[in-house]
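Okay, structure first, notes after.
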Amino acid sequence: MREVRAARPVRFTPFFASGQIVTTIGRLGVALLGLILGAGAGAGVGLAGGLIYTEMAQTSGFEGYSGYVVVLWMACGLLIGLFAGPFVALKWARR
Numbered sequence: 167m168r169e170v171r172a173a174r175p176v177r178f179t180p181f182f183a184s185g186q187i188v189t190t191i192g193r194l195g196v197a198l199l200g201l202i203l204g205a206g207a208g209a210g211v212g213l214a215g216g217l218i219y220t221e222m223a224q225t226s227g228f229e230g231y232s233g234y235v236v237v238l239w240m241a242c243g244l245l246i247g248l249f250a251g252p253f254v255a256l257k258w259a260r261r
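Mapping the sequence shown onto our numbering, position 91 (from 1) lands on 257, and the numbers just tick up by one.
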């Protein structure tokens, strides 16, 4: 008969271990979080930049032209945030 031994206890590995990301799923999670936060931050900065630009350039409000300008700035900020967010998040996570 074979001797039956108890299995070793499974050791829980925290998500961040000494500043390093442990798993590939963790990296994907951080990248997704960076994508979402980067897009939101970029859109917010773009919105603020667009509002400041329309005030400084005194763009016309005729048929919502100033709104189109703000949306353009917001879309540009969103795109920049979509690309920069995951890059910055993964750089930060690898420290």
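Just so it is clear, CB atoms sit at the ideal spot from N, CA and C, and this is done for glycine as well.
Values in this document were obtained by computation on a predicted structure and should not be read as measured data.
Check, Outcome
"Straight-line CA distance for F228 to T220?", "13 Å"
"Write down the C-beta distance between L199 and A241 rounded to the nearest angstrom, noting that I regard them as a contact closer than 8 Å.", "So it is not a contact: roughly 22 Å between Cβ atoms."
"Exposed or buried, which one is P252 when buried takes at least 16 other CB atoms within 10 Å?", "buried"
"Could you have a look at A209 and say whether DSSP puts it in helix, strand or coil?", "helix"
"Locate the alpha helix (DSSP H) running through F253, then write down its first and last residues.", "Y231 to A259"
"I need the straight-line Cα distance from V236 to K257, nearest angstrom please.", "31 Å"
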